[in-house]
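> The following block contains the structure, expressed as structure tokens.
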Amino acid sequence: MTALARRSSRLVWGWCVAYTSVTPQPSRERRRDEIRSHLWESERAGLAGHRVAFAALRGALHDLGWVIGRALPALGRSFATPAPYVALAPLFPLQAWLVSALTVGATAHLAEGIGGIGGGATLTLAAVVWMFQRRRR
Amino acid sequence: MTTREAVTSLPARAYPSHVPRRRAGVLLPIEEEILELGVRRLRDGQPEFYGFAAATELDGDAGRRLTAHGTLYKVLERLERDGLLVSRWEEPEEFDESRPRRRLYRVSDQAEGALRTSRSLQQKASLRPNLAAR
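Same order as they appear, the protein sequences are chains A and B. Position in the first sequence (from 1) plus 919 gives the number in the working numbering. Position in the second sequence (from 1) plus 692 gives the number in the working numbering.
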């Protein structure tokens, strides 16, 4: 196996790990196992590294389409839990602090306003979602 | 020119002619090739195939570059979802530990029927070009 083929395999594997990392576990494991097997077979068959890399490159758009098809429904479902709202809440005061440190006047004022209202509103939303979840159980 | 006139003057086919468009019952060329391969394997008494074998066989048949990974696995998954392929992981006793396990596919009972339908719809569309352009 040449150094180029090894590098290509590593590159393709890295891409596979990257795009599957945002998909649900069963889809992720299946795709990774299939690509792992495909790369192993490619190496064993002595395919040139650039051919393997080009095959991955040409399928990259389909990979992204596949990710969107799997990750978006899961992301949508996660917003029915309080976790994403709790995670988002600190970002509002953080952006206010950052913007007001870097700018002055109306922009800073606006950022502080959003920071003050946004964090509280997001936490309120988290509480509402949590209460709904409890009532449904 | 009014909006209506502008819209009606647009060509009926907005896609370039080489872009395959999905119509109900019509399979994409790569889907047909995979199902043909599966049917051939079934007749040869070796019904199961895996991704890499399918890719190399398809490339050999069509004399083209290596089939793109993303395209191949997406199509395999779609055919399985549509009930035209069934798949399973290799059992531990079926393979040597030195290599990663393979996902094995084989065509379902519906595959041949789907292939026939797709071909006849394409044939009808080619005989009636106005229908194909719609």
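Even glycine gets a Cβ: it sits at the ideal position worked out from N, Cα and C.
Please classify Ala698(B) as buried or exposed, where buried requires at least 16 neighbouring CB atoms within 10 angstroms.
Residue mapping note: residue 698(B) aligns to position 6 of the second sequence, counting from 1. Caution is warranted here: a pLDDT of 45 is assigned to Ala698(B), below 50, making its placement in the model unreliable, and the coordinate value is therefore given only provisionally. Exposed, by the Cβ-count rule.
> Using the beta-carbon count (16 or more within 10 Å), is Lys766(B) buried or exposed?
Mapped onto the second sequence, residue 766(B) falls at position 74. Classification of Lys766(B): buried, given that the 10 Å Cβ count is 16 or more.
> How long is the line joining the alpha carbons of Gln944(A) and Ala745(B), rounded to whole angstroms?
The residue you call residue 944(A) lines up with position 25 of the first sequence. The residue you call residue 745(B) lines up with position 53 of the second sequence. Cα to Cα, the separation comes out at about 26 Å.
> Does DSSP put Tyr742(B) in a helix, a strand or coil?
The residue given as residue 742(B) occupies position 50 in the second sequence. Correct three-state label for Tyr742(B): coil.
> Report the rounded CA-to-CA distance for Tyr707(B) versus Gln738(B), giving the unit in angstroms.
Start at 1 with the first residue of the second sequence, and residue 707(B) comes out as number 15. Start at 1 with the first residue of the second sequence, and residue 738(B) comes out as number 46. Per-residue confidence for Tyr707(B) stands at a pLDDT of 44, beneath the threshold of 50, marking its modelled position as unreliable; the derived number appears in the next sentence. Taking the straight line from one Cα to the other gives about 39 Å.
> What are the residues that DSSP puts in a beta bridge with Ser779(B)?
Numbered from its first residue, the second sequence carries residue 779(B) at position 87. Beta-bridge pairing links Ser779(B) to Tyr797(B).
> Can Leu777(B) and Leu764(B) be called in contact, C-beta distance under 8 Å?
Taking the first residue of the second sequence as 1, we reach residue 777(B) at position 85. Taking the first residue of the second sequence as 1, we reach residue 764(B) at position 72. In this structure, Leu764(B) does not lie closer than 8 Å to Leu777(B) by Cβ.
> Let's test the definition: count the other Cβ atoms within 10 Å of the Cβ of Asp982(A) and tell me whether it reaches 16, buried, or not, exposed.
Taking the first residue of the first sequence as 1, we reach residue 982(A) at position 63. It counts as buried.
> Check the Cβ of His957(A) against every Cβ in chain B and list those closer than 7 Å, keeping chain order.
For the purposes of this step, residue 957(A) is taken as residue 38 along the first sequence, with counting starting at 1. Residues of chain B passing the Cβ test: Gly743, Phe744 and His761.
> Alpha carbon to alpha carbon, what distance is there between Gly1035(A) and Tyr1004(A)?
For the purposes of this step, residue 1004(A) is taken as the residue at position 85 of the first sequence. For the purposes of this step, residue 1035(A) is taken as the residue at position 116 of the first sequence. Looking at the two C-alpha atoms, the distance is approximately 15 Å.
> Checking contacts by CB at 8 Å: is Glu1024(A) closer than that to chain B?
For the purposes of this step, residue 1024(A) is identified with residue 105 of the first sequence, where counting begins at 1. Note that residue 1024(A) is Gly in the sequence shown, not Glu. Answer no: the Cβ-Cβ gap between Gly1024(A) and chain B never drops below 8 Å.
> Is there contact between the segment 968-984 of chain A and the segment 998-1017 of chain A, where contact requires at least three CB pairs shorter than 8 Å?
No: the two stretches stay apart, fewer than three of their Cβ pairs being nearer than 8 Å.
> Please say whether Val799(B) and Val718(B) have beta carbons closer to each other than 8 Å?
Counted from its first residue, the second sequence places residue 718(B) at position 26. Counted from its first residue, the second sequence places residue 799(B) at position 107. The answer is no: Cβ separation not under 8 Å.
> If you drop the 5 nearest sequence neighbours on each side, which residues of the same chain put their C-beta closer than 6 Å to that of Arg696(B)?
Translated into the one-based positions of the second sequence, residue 696(B) becomes position 4. Annotation note: pLDDT 47 at Arg696(B) (below 50); position unreliable, coordinate value reported separately. Closer than 6 Å at the Cβ level, and outside the excluded window around Arg696(B), lies no residue.
> Skipping 5 residues on each side, what residues in its chain have a beta carbon closer than 8 Å to that of Glu740(B)?
Here residue 740(B) refers to the residue found at position 48 when the second sequence is read from its first residue. Answer for Glu740(B): Arg733, Leu796, Tyr797 and Arg798, listed in chain order.
> Counting beta carbon pairs with one atom in the segment 778-795 of chain B and one in the segment 938-954 of chain A, are three or more of them shorter than 8 Å?
Touching, yes.
> Rounded to whole angstroms, what's the CA-CA distance from Gln815(B) to Glu804(B)? Just pull it up for me.
Here residue 815(B) refers to the residue found at position 123 of the second sequence. Here residue 804(B) refers to the residue found at position 112 of the second sequence. Going by the C-alpha atoms only, they are around 16 Å apart.
> So Glu724(B) and Leu819(B) are supposed to be a Cβ contact under 8 Å. How far apart are they, rounded?
Residue numbering aside, residue 724(B) sits at position 32 when the second sequence is read from its first letter. Residue numbering aside, residue 819(B) sits at position 127 when the second sequence is read from its first letter. Their Cβ separation, rounded to whole angstroms, is 19 Å, which puts Glu724(B) and Leu819(B) out of contact at 8 Å.
> Our contact map puts Ser956(A) next to Tyr742(B) with C-beta atoms below 8 Å; I'd like the distance itself, whole angstroms only.
Numbered from its first residue, the first sequence carries residue 956(A) at position 37. Numbered from its first residue, the second sequence carries residue 742(B) at position 50. Confirmed, Cβ separation roughly 7 Å.
> Would you kindly report the start and end of the unbroken alpha helix (DSSP H) that includes Pro721(B)?
Looking up residue 721(B) in the second sequence gives position 29. From DSSP, the alpha helix (DSSP H) with Pro721(B) extends over Pro721 to Arg735.
> Which whole-angstrom value is the C-beta distance of Gly978(A) and Gly775(B), which I expect to be below 8 Å?
Locating residue 978(A) in the first sequence gives position 59, where the first residue counts as 1. Locating residue 775(B) in the second sequence gives position 83, where the first residue counts as 1. Gly978(A) to Gly775(B), Cβ: 24 Å. No contact.
> Could you name the residues of chain A that Arg793(B) contacts, counting a contact when the two beta carbons are closer than 8 Å?
For the purposes of this step, residue 793(B) is identified with residue 101 of the second sequence, where counting begins at 1. The contacting residues are Asp952 and Ser956.
> Among Gly995(A), Trp932(A) and Val1048(A), which one has its Cα closest to the Cα of Glu962(A)?
For the purposes of this step, residue 962(A) is taken as residue 43 along the first sequence, with counting starting at 1. Cα-wise, what sits closest to Glu962(A) is Trp932(A).
> Do Ser927(A) and the ligand FAD come close, with the Cβ less than 7 Å from some heavy atom?
Ligands displayed in this structure: none; no statement on the ligand FAD is therefore possible.
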